[in-house]
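S.K.: Position 778 of the sequence shown, counted from 1, bears residue number 778 in full-length UniProt numbering, the numbering being contiguous throughout. Beta carbons are placed, not taken as given, at the ideal position from N, Cα and C, and that holds for glycine. One structure, as structure tokens, below. Some questions next.
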Amino acid sequence: MPASSYLKGVRTRYRNCLQVEIKSGLSILQTEVPLPEHQQYVFKSSKCVEKLKLYVNKLEVQSSKVADALGEEETEEIEKVVEEDCQLCSAATDCYLELEQYKERLVEFIKQESGEKHEKIDPIQIVELQREMKDIVVETQMKQQNEILIRQQMKENDESSVKLPKIDIISFYGDKIKWIEFWDSFESTIHKNKKLSKVEKFNYLKSKIGGEAKQAISGLNLSNDNYEVAVSILQERFGNIQVVIDLHYNEMINLESASNKTSSLRKFMDTLNRHLRSLEVLKQNVSQDIFVSMVKSKLPEEVLLQLEIQKESQEKWTVMSLCDKLRDYVVAREKSDKKETPKERSNGASNGSSNRAFNGGQTFRPKNKPWQTKNSRYQNGNRNGQLVNSAEALVATTDSKPSNISYFDKCRYCYQQHWSDECPKYQSIEERKRQLKGSCYKCLKYGHQSTDCKRNKICIHCNEKDSHHRSLCPKKFKLKLTSVHLSEEYNGNVNEECVNGINLDSYSDEGCEVVHENVFISSSEMVLMQTAKTKIGNPTNSMQQETRILFDSGSQRTYISQKLANKLKLKGEKEEEIKLITFGSDKPKIVKTSSTKLNIKLNNGKFFSIVANIVPVISGSIQRKRIDISSVEHLKHFVKDVELADDIPLRSESSSVELLIGNDYYLDLILSQRIEIQPGLYLLASKLGWILTGRSQEMDDEKTESGLLILSNTGDMMMTNHNTTDSSVSVIPDITDLWNLDSIGITEQIENVGDSKAMETFKETLQYENMRYFVKWPWKEEKYELPVNRELAMGRLKSCVARMRNKPELMTQYNSVIQDQLTKGIIELVDEKGVDGRKHFIPHHAVITPQKSTTKMRIVYDASAKMNKDVNSLNECLYRGPVMLRNLCGILIRFRLYRIALVADIEKAFLQVGLQNSDRDVTRFLWLKDIENFSLNNENIQEFRFCRVPFGVISSPFLLAATIESHLNKYNTPTAEQIRNNIYVDNLITGANTVTDALTHYSESKQIFKDASMNLREWISNSQSVNDFILPEDKPKVNQTKVLGHLWNIENDTLSVKHSQSFINSGNITKRKTLKEISEVFDPLGLFSPILISGKIFLQDLWKKHLRWDDELQGTDSLKWGSIQAELQQLSECQISRSIGIMTGDDRVQL
């Protein structure tokens, strides 16, 4: 990240300074000092000591900043940074101590020399000095005695003799439900404490927050002004009362169902009462009947039976009466239960842990943790201490009798008398991790995760430090394949070798038979699929993509489309064969596909790691029918209070499937709870939220609905034995899809809602002043938070300057472009006076194109840059706008109809469209005041902003095209109409049939664009008369130019194609290479179809032979391709006459 790069640079400078001072100190220590220079070396030693202290402190602070900027996902790099800095600080400290001792020796030596020189001091003076010193000592002693007496009197007068315990403010980690409790505590002790400065309050605040709350104010420096800003940010983000209310409702709905155990019922009742009391405090009506239904749905049938027996038959349940009866029932069971033995408690804890893991509920976390008390000796899960489960904690709070059995001498997993790494009951890593739900995998303690663990011990089995607990050592305890959990939740760290303890390299497909399976997902009736929308992430980087997931318990495997894998830059790892059978066909297709690792974001903010097979396309689409929430009984109440995994469709829509969760991960994500809305329609609980699924009683008028059918057969599941298949994956794109570029213009563009809103905004805000058009950015309706990101722009500027440091010509040219734009009014210096609204900085860099005849060096602005994945870039806040390009084929055909062709382009077209003043501050950028001075301090940095539309913003092409279109609509002339039909972005491709018409078109076109402050230049024609008339500054000095991908020779008026560089490359001939060489010939008009068609037919023949992409061509195929390739190489030599217009006079054209 750019911010971390800047912090790393500062850290490096401090390290260099510290290393210089260490060398200086060692040099002083090794020097033999002559007598006259003792005082001088005392001064040098003191100065070096001070600098060592200074740079050690600075390095420690900077090292902490770098670690915070890197985040939890880069643990290895953080450990490396900390280890390097600790070693350097340790060396500096050693040098510091040696210098102090060296300095003391020099001072002592100087004192001795000074004593010898002053041996003849007058004795009377010595007596006087001793007398004065004695008086000073007596006076100091008297002051100390008086102060002691005063403090004793104050202590006696103090009314309170009780020493109150130290108040410890609770910490806040982003749980909005706990915000009110945290803020009330912090406000009373810190925020309203007038004795503390704002900086001190800010320091206390930072020390008491973590997680998401700490990230929210991570960009604020420690200062008086930023304290109020930080408090405002936290209150706005976490202190919204309505959000807290919604969270309480959500947690109540998602409350884990209770079992028929007393401890489970007690936990359920306490949690329920806590939410109900909190909602009452927040002035919510908790007497609604829906709460009664919800509570009853989460209680066991046996308990409900007992509660109904206690209730009178005619009495109606209310929330309060139900809670009262449940409390009485639980208290009665607690009194009647016999005291459990330690063995029963340990077994109960193990079973409870398993049940929690199976049900997907939250693990019970007792507030009083016996293993974390003051007298606890529990360390790292060994015999010095033992984790106490929830049942033991309950007994510990009610039974005060001493026990002869120590829980600290037991195994952490089965609670028997042996070491944790010798547990015979739970021998595999997977089984042990299931017993550690909610605990750290490094120290086995409860309440934190491995990433936050401060344990720093070495595993006795593999000698790895700070990696895992010895009972979870992968070298000692082999990993085995399990069908229960194939992945694990994590908070940023991913083990590259394993996914929840499964070594991916240990799989083998050898010796396995291919099996068949059936999948049927949707039928013609109105059925709601099990879908969810969430973010899918790449474990190796920070890239994420929101997508819709389809759950299919009938599919054997999980699939991800190649499109989504490319967006996330996922790399395929293990290749395997999948046997596919299309519906209605008995001939299977065998396809090789690779697997990849990816992360799914759950609704609790954590990530779930899975392995999926990459396929080109997952066939079919989900037909999402419109659902009227108000017409479905009870649905609107649930939708308001629960967190849905997917939005409810308000109109019929079709959605593509980019990720399909098969049965391998289905039960890891789908939970056991469900709520019946109406017969056949359910809310199904999942780790992504509640899924609305099943059949709806509503009738839908639309009759068309496509079914989605998925099949995979890999041979590693021996229990599957379905003989018929009804699903397929499109494993290879249809051959005709590869030539769609040859049919540009056939398919109409589909306009979306964003395009229409962008056009509407453009028409409402377009202004014309001083012969120039001024536009505004088409902002999205959502109030996106756009960061200032000046640090990102500064980091990019440093990289840009560093690249040009050794290229003074490029630096000068770069600066001249910016200064020229400043002179022409394209950009302006930022004036902070009166600035209000959004501020945003855009990074920039140079792009050099030496082959261009006009602009060889261009400055490119990156409006997609952002500091991290959690903030928006400028492009993400804007609509792209509709594509307003004319039909490319139509332009080329009309270009060939004219006898006299004309080509021109608009000079710096984007920079000729003005930007309204209110939208200019989001286009700020940084540059140097003095390019001779490479220092990037505030004195040498100046801020600019654009007054025109810069190239690089997602909306710029639309704004340019819409502005030109709007301008041409003002002119009701044949020339304006001709320009409108033949302009492609900023290129004009047109012509005329006579010289007079061509010259008229040239003159009128120049004037039309001049009225919009645009310069139409680079005019060129096949007519020498027209070229002679064109002004010298308007025409290029070339005989050949590009026209929409074709090369146009103006001397002989012919068109040709560009020579392909891939023909020169040598190597094996494969299907991939043949496709590459054929597709590189851009021929939208089909001018060279007689040559290209043979190559396409040859490629189709290769497809029929089922060759893989990198299989080398053999025999006749290789010879045939050699002949085709020779013809392709000669394409660039083919010259086709441009003009096909009908001639006048005696000329004839033969077809």
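(1) According to DSSP, what are the bridge partners of Q1007?
(2) To which residues of the same chain is I209 closer than 6 Å at the C-beta, ignoring the five residues directly before and after it?
(3) Output the distance between the C-alpha atoms of K571 and P539, rounded to the nearest integer angstrom.
(4) Compare the beta carbon distance of F946 and I827 with 8 Å and say whether it is the shorter of the two.
(5) Consult DSSP for E682 and reduce its assignment to one of helix, strand or coil.
(6) Report buried or exposed for D225, applying the criterion of at least 16 other Cβ atoms within 10 angstroms of its Cβ.
(7) Taking all protein chains shown into account, do 16 or more other C-beta atoms lie within 10 angstroms of the C-beta of C86, making it buried, or fewer, making it exposed?
(8) Take the Cβ of K120 as the centre, count every other Cβ of all protein chains shown within 10 Å, and call the residue buried at 16 or more, exposed below.
(9) Which runs of the beta strand (DSSP E) fall wholly inside the segment 898 to 965 and span at least 3 residues, in chain order?
(10) Where does Y971 fall in DSSP's three states?
(11) Would you mind working out which of D1117, Q1024, T990 sits nearest N1068, comparing C-alpha positions?
(12) In terms of DSSP beta bridges, what is S857 paired with?
(13) What does a CB cutoff of less than 7 Å around I460 pick up in its chain, not counting 5 residues either side in sequence?
(14) Would you tell me roughly how many angstroms separate the C-alpha atoms of L829 and P957, rounded to the nearest one?
(15) With a Cβ-Cβ cutoff of 8 Å, do N613 and I578 count as a contact?
(16) If you draw a straight line from the alpha carbon of E876 to that of S864, how long is it in whole angstroms?
(17) What residues match up with W1048 in a beta bridge as DSSP calls it?
(18) Just to confirm, are F1009 and I906 a CB contact at a threshold of 8 Å?
(19) Restricting to runs no shorter than 4 residues, where is the alpha helix (DSSP H) found entirely within the segment 404 to 456?
(20) Spatial neighbours of S4 within its chain, please: CB distance less than 6 Å, with the 5 preceding and 5 following residues excluded, ordered by chain position.
(21) Quick check on I241: buried or exposed, where buried means 16 or more other Cβ atoms within 10 Å of its Cβ?
(22) Check whether the Cβ atoms of A904 and R1017 sit closer than 8 Å, and answer yes or no.
(23) From what residue to what residue does the alpha helix (DSSP H) around S64 run?
(24) Between the C-alpha atoms of S257 and E301, what's the straight-line distance to the nearest angstrom?
(25) Please report the distance separating the alpha-carbon of L1102 from that of F1082.
(26) So which of K839, Y665, I941, L683 has the shortest CA-CA distance to Q673?
(27) Looking at the structure shown, is G991 part of a helix, part of a strand, or coil, going by DSSP?
(28) Can you check whether the CB of S542 is closer than 8 Å to the CB of K869?
(29) In this structure, how does DSSP classify L692 when only helix, strand and coil are distinguished?
(30) For the beta strand (DSSP E) that E769 lies in, which residues bound it at each end?
(31) Unbroken alpha helix (DSSP H) runs of length 4 or more, entirely within the segment 263 to 345: which are they?
(32) If you compare alpha carbons, which of K296, A230, K58, R327 is closest to R266?
(33) In the DSSP output, which residue or residues are listed as bridge partners for L550?
(34) Go to S185, then tell me how far its alpha helix (DSSP H) extends in each direction, as first and last residue.
(35) For a quick check, are the C-beta atoms of A999 and F951 less than 8 Å apart?
(36) DSSP beta-bridge partners for V82?
M.R.: In short:
(1) Among the bridge pairs identified by DSSP, Q1007 is matched with none.
(2) F172
(3) 11 Å
(4) Taking 8 Å as the cut-off, the beta carbon of F946 is found closer than this to the beta carbon of I827.
(5) It should be pointed out that residue 682 corresponds to Tyr in this sequence rather than to Glu. Y682 falls in the strand class under three-state DSSP.
(6) Exposed is the label assigned to D225, since fewer than 16 other Cβ atoms lie within 10 Å of its Cβ.
(7) exposed
(8) Below a pLDDT of 50, predicted positions are generally treated as unreliable, and K120, at 49, falls in that range; no measurement from the model is reported.
(9) Runs found: 900 to 906, 924 to 928, 941 to 946.
(10) coil
(11) Checked all of D1117, Q1024, T990; the closest Cα to N1068 is D1117.
(12) Position check: residue 857 holds Met in this sequence, whereas Ser was assumed. Note: M857 sits in a beta bridge opposite I848.
(13) R470
(14) 25 Å
(15) It is a contact, given that the beta carbons lie within the stated cut-off.
(16) 7 Å
(17) T1041, L1055
(18) yes
(19) 429 to 434
(20) Within the same chain, S4 has close Cβ partners A69, L70.
(21) exposed
(22) yes
(23) Element bounds for S64: 38 to 70.
(24) Distance between the alpha carbons of S257 and E301: 11 Å.
(25) 22 Å
(26) Cα-wise, what sits closest to Q673 is L683.
(27) strand
(28) yes
(29) strand
(30) 767 to 769
(31) 289 to 297, 301 to 310, 319 to 336
(32) R327
(33) T531, L660
(34) 179 to 186
(35) According to the sequence provided, residue 999 is Leu. The question's Ala does not apply to it. In this structure, F951 does not lie closer than 8 Å to L999 by Cβ.
(36) DSSP, once it has assigned bridges, lists no residue as partnering V82.
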